[in-house]
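*Asks:*
Numbering (this note's numbering), first residue to last: 1 to 457.
Written as structure tokens, this is what we have:
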């Protein structure tokens, strides 16, 4: 099926759904690199005009990556819930945008709708939205999960405490862990990117965090972001694995580039679920994604990077995650060139994930060769806070010395919580108060409480 329209005396044609979605996407460098972007602002508007009139039901008839060639497409199509989709089945993409912004589409309605939406549907509607729309709809879309803390509640903003070290040094990691806890960080997860994937190193890091958790009596979950096959090996050895981690993408070929299959994810999810290590829930997976990951693996099938990112959330959704986050500026300016593109991508990812029922967080970050700076991360953090983002990633000083990129500092989140009236996850907030790390006004203390001092010793 093809579409065409005439604007300003010029005719524009789009050969298929894949091209229409790509040409309708707000400008970003990755699509230009892939050769799929609109050639002009006028062509982009023409594509958005056509897309607005496209029935949502059409997305069930045409796949952007062929069903027979791709297990992610098969997962999307085979798991689609027709009954959940029924309330919006008659809408066009433009009508769906208007409905999402209406009073009728409240949190309960949107939660019930999620199994009936496909990634391509939510990617399409986000392409018709301005930043304010992305914030407004994201704010009323709630996805709540739990293990030892409850993530995603209204009025809460959780954090991943990321105590990375370039040599996996235990003392350095512990220092960063203590720094984060003193600033009220860590309620989403204490998550370490290891410098090496050796099982012995990964296990030692897991035991380090688990020991700190038990000594402090803190309701935190830990994760060492190693490959799923390493985690499976450690699960068999009885290591203290709270969360199974894996980076995933929106096509089978891109996931093959990560060295992972859907069957491996099913096996790891089942193994971790059987441990029942949680106290308030049993969501035991954690996924990271990012616009441009499929293109960087030459596994994009000429699909725009934002649509492929939304398809990655279908993979995440299948495994009941505790946490999912996009590393929005991490892959580099080849895919998101500057602060403006990073801002929009972060808000798109947040909205699309939550509309699909995924507990969405964002690594508000950029690499040092991108046209971005701390003003851009401040802006994105504030808009994500207003949009009801589940969690963000924090590192000491906002500078990850192992991965060599810029993210948020612990202090950044304290500031945005105070500015927007947000609080940590409830179980973590209660613990912070019990050990003197949070006063009745929600402020962190100037002096180190004794339980944390003992850990430092």
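Where is the CB? At the ideal position from N, CA and C, for every residue including glycine.
From a predicted model like this one, the values you see are computed outputs, not experimental measurements.
State buried or exposed for residue 3, treating a residue as buried only when at least 16 other CB atoms are found within 10 Å of its CB.
*Replies:* Stepping through the chain shown from its first residue, residue 3 is reached at position 3. That one is buried.
*Asks:* As a quick exercise: from 327, 352, 259 and 12, pick the residue whose alpha carbon is nearest that of residue 460.
*Replies:* Beyond the ends of the chain as shown, which are 1 and 457, falls residue 460; an answer cannot be given.
*Asks:* With C-beta atoms as the reference, is residue 225 less than 8 Å away from residue 192?
*Replies:* By 1-based counting over the chain shown, the position of residue 225 is 225. By 1-based counting over the chain shown, the position of residue 192 is 192. Yes, the Cβ-Cβ distance between residue 225 and residue 192 is below 8 Å.
*Asks:* Kindly indicate which three-state DSSP category residue 352 falls into: helix, strand or coil?
*Replies:* Mapped onto the chain shown, residue 352 falls at position 352. If DSSP states are grouped into helix, strand and coil, residue 352 belongs with the helices.
*Asks:* Among the residues of its own chain, which have a CB less than 8 Å from the CB of residue 106, if the five just before and after it don't count?
*Replies:* Here the question's residue 106 lines up with position 106 in the chain shown. Result list for residue 106: 140, in chain order.
*Asks:* Starting from the Cα of residue 436, find the closest Cα among 425, 426, 427 and 448 and give me that residue.
*Replies:* In the chain shown, counting from the first residue as 1, residue 436 sits at position 436. For residue 436, the nearest C-alpha among the options comes from 448.
*Asks:* So, do the stretch 258-276 and the stretch 232-239 have three or more beta carbon pairs nearer to each other than 8 Å?
*Replies:* In short, these stretches touch, since the Cβ pair count reaches three.
*Asks:* Under 8 Å Cβ to Cβ from residue 423, same chain only, skipping five residues before and after it: list those, please.
*Replies:* Taking the chain shown and counting its residues from 1, one reaches residue 423 at position 423. Taken in chain order, the residues that qualify are 155, 156, 157, 417, 429 and 442.
*Asks:* Kindly list the residues whose CB is nearer than 6 Å to the CB of residue 13, restricted to its own chain and excluding five residues on each side of it in sequence; keep chain order.
*Replies:* Here residue 13 corresponds to residue number 13 of the chain shown, with the count starting at 1. Excluding sequence neighbours, residue 13 sits near 4.
*Asks:* Mind checking which residues open and close the beta strand (DSSP E) that includes residue 247?
*Replies:* On the chain shown, residue 247 is found 247 positions in, with the first residue counted as 1. First-last of the beta strand (DSSP E) with residue 247: 244-247.
*Asks:* Tell me, which residues are paired with residue 269 by DSSP?
*Replies:* In the chain shown, the residue the question calls residue 269 occupies position 269. Residue 269 is not bridged to any residue.
*Asks:* For the stretch 18-69, list the alpha helix (DSSP H) runs that are entirely contained and at least 4 residues long, ordered along the chain.
*Replies:* Fully enclosed alpha helix (DSSP H) runs of 4 or longer: 29-34 and 41-52.
*Asks:* Is residue 391 helix, strand or coil when you go by DSSP?
*Replies:* Taking the first residue of the chain shown as position 1, residue 391 is located at position 391. Residue 391 falls in the strand class under three-state DSSP.
*Asks:* Starting from the C-beta of residue 316, find all residues in its chain whose C-beta is less than 8 Å away, skip the five residues before and the five after it, and write them out in chain order.
*Replies:* In the chain shown, residue 316 corresponds to position 316, counting from 1. Within the same chain, residue 316 has close Cβ partners 248, 285, 287, 289, 324, 353 and 358.
*Asks:* Quick check: the Cα distance between residue 380 and residue 66, rounded to an integer number of angstroms?
*Replies:* Translated into positions along the chain shown, residue 380 becomes position 380. Translated into positions along the chain shown, residue 66 becomes position 66. So the alpha carbons of these two residues sit roughly 35 Å apart.
*Asks:* Sort out for me which residues DSSP pairs residue 287 with in a bridge.
*Replies:* Looking up residue 287 in the chain shown gives position 287. Answer by DSSP bridge pairing, in chain order: 246 and 324.
*Asks:* Do you know how far the Cα of residue 169 is from the Cα of residue 35?
*Replies:* As a position in the chain shown, residue 35 is number 35, starting the count at 1. As a position in the chain shown, residue 169 is number 169, starting the count at 1. So the alpha carbons of these two residues sit roughly 43 Å apart.
*Asks:* So if DSSP puts residue 362 in a beta bridge, which residue, or which two residues, is it bridged to?
*Replies:* The sequence position of residue 362 within the chain shown is 362, counting from 1. In the DSSP output, where bridge partners are listed per residue, residue 362 has 326 and 392.
*Asks:* Thinking just about the alpha-carbon of each residue, which of 217, 378, 179 and 446 is nearest to the one in residue 415?
*Replies:* Along the chain shown, one-based indexing puts residue 415 at 415. It is 378.
*Asks:* Report the three-state DSSP secondary structure of residue 428 (helix, strand or coil).
*Replies:* As a position in the chain shown, residue 428 is number 428, starting the count at 1. Helix.
*Asks:* Using only the alpha-carbon positions, how far apart do residue 223 and residue 440 sit?
*Replies:* Locating residue 223 in the chain shown gives position 223, counting from the first residue. Locating residue 440 in the chain shown gives position 440, counting from the first residue. Their backbone Cα atoms lie some 30 Å apart in a straight line.
*Asks:* From this set, 245, 348 and 52, which residue's C-alpha is nearest residue 197's C-alpha?
*Replies:* Here residue 197 refers to the residue found at position 197 when the chain shown is read from its first residue. That would be 245, whose Cα lies nearest to the Cα of residue 197.
*Asks:* So residue 364 packs on residue 351, CB below 8 Å; how close in whole Å?
*Replies:* Against the chain shown, residue 364 aligns to sequence position 364. Against the chain shown, residue 351 aligns to sequence position 351. Rounded, the Cβ-Cβ distance is 15 Å, inconsistent with contact.
*Asks:* Only counting runs of 4 or more residues, tell me where the alpha helix (DSSP H) segments fall wholly within the stretch 197-264, in order along the chain.
*Replies:* With a minimum length of 4 residues, the continuous alpha helix (DSSP H) runs that stay inside the stretch 197-264 are 199-216, 228-237 and 252-257.
*Asks:* Going by the CB atoms, is the gap between residue 145 and residue 151 shorter than 8 Å?
*Replies:* Counted from its first residue, the chain shown places residue 151 at position 151. Counted from its first residue, the chain shown places residue 145 at position 145. The answer is yes: Cβ separation under 8 Å.
*Asks:* Using a Cβ distance threshold of 8 Å, determine whether the stretch 119-131 contacts the stretch 337-352, with at least three qualifying pairs required.
*Replies:* Flag = yes, the stretch 119-131 and the stretch 337-352 touch.
*Asks:* Quick check: residue 308 and residue 250, are their CB atoms within less than 8 Å of each other?
*Replies:* Counting from one through the chain shown, the residue named residue 308 turns up at place 308. Counting from one through the chain shown, the residue named residue 250 turns up at place 250. Going by C-beta atoms, residue 308 is nearer than 8 Å to residue 250.
*Asks:* Rounded to the nearest angstrom, what separates residue 410 and residue 189 at their Cα positions?
*Replies:* As a first step, residue 410 is located in the chain shown; it is residue number 410 there, counting from the start. As a first step, residue 189 is located in the chain shown; it is residue number 189 there, counting from the start. Those two C-alpha atoms are separated by around 14 Å.
*Asks:* Do the stretch 6-26 and the stretch 296-313 make contact, defined as three or more Cβ pairs closer than 8 Å?
*Replies:* Touching, per the Cβ criterion.
*Asks:* Assuming residue 7 is part of the alpha helix (DSSP H), what are its boundary residues?
*Replies:* The residue you call residue 7 lines up with position 7 of the chain shown. Segment 3-7 is the beta strand (DSSP E) holding residue 7; no alpha helix (DSSP H) there.
*Asks:* From the DSSP output, in three-state form, read off residue 466 for me.
*Replies:* Summary: the structure shown does not reach residue 466, with the chain confined to residues 1 through 457, and so no result is reported for it.
*Asks:* If residue 241 sits next to residue 195, beta carbons under 8 Å apart, how far is it from one beta carbon to the other, in whole angstroms?
*Replies:* Within the chain shown, the letter at position 241 stands for residue 241. Within the chain shown, the letter at position 195 stands for residue 195. Actually they do not touch by this definition, with Cβ atoms about 19 Å apart.
*Asks:* Is the beta carbon of residue 149 sitting closer than 8 Å to the one on residue 187?
*Replies:* For the purposes of this step, residue 149 is taken as residue 149 along the chain shown, with counting starting at 1. For the purposes of this step, residue 187 is taken as residue 187 along the chain shown, with counting starting at 1. Going by C-beta atoms, residue 149 is nearer than 8 Å to residue 187.
*Asks:* Helix, strand or coil: which one does DSSP assign to residue 337?
*Replies:* Residue mapping note: residue 337 aligns to position 337 of the chain shown, counting from 1. DSSP places residue 337 in coil when its eight states are reduced to three.
*Asks:* Who are the Cβ neighbours of residue 46 in its own chain at under 7 Å, not counting the five residues just before and after it?
*Replies:* The residue labelled residue 46 in the question sits at position 46 within the chain shown. Counting only Cβ-Cβ distances below 7 Å, and skipping sequence neighbours, we find 5, 7 and 12.
*Asks:* Which residues mark the beginning and the end of the beta strand (DSSP E) in which residue 79 is found?
*Replies:* If you number the chain shown from 1, residue 79 lands on position 79. Here residue 79 belongs to no beta strand (DSSP E), and DSSP marks it neither H nor E.
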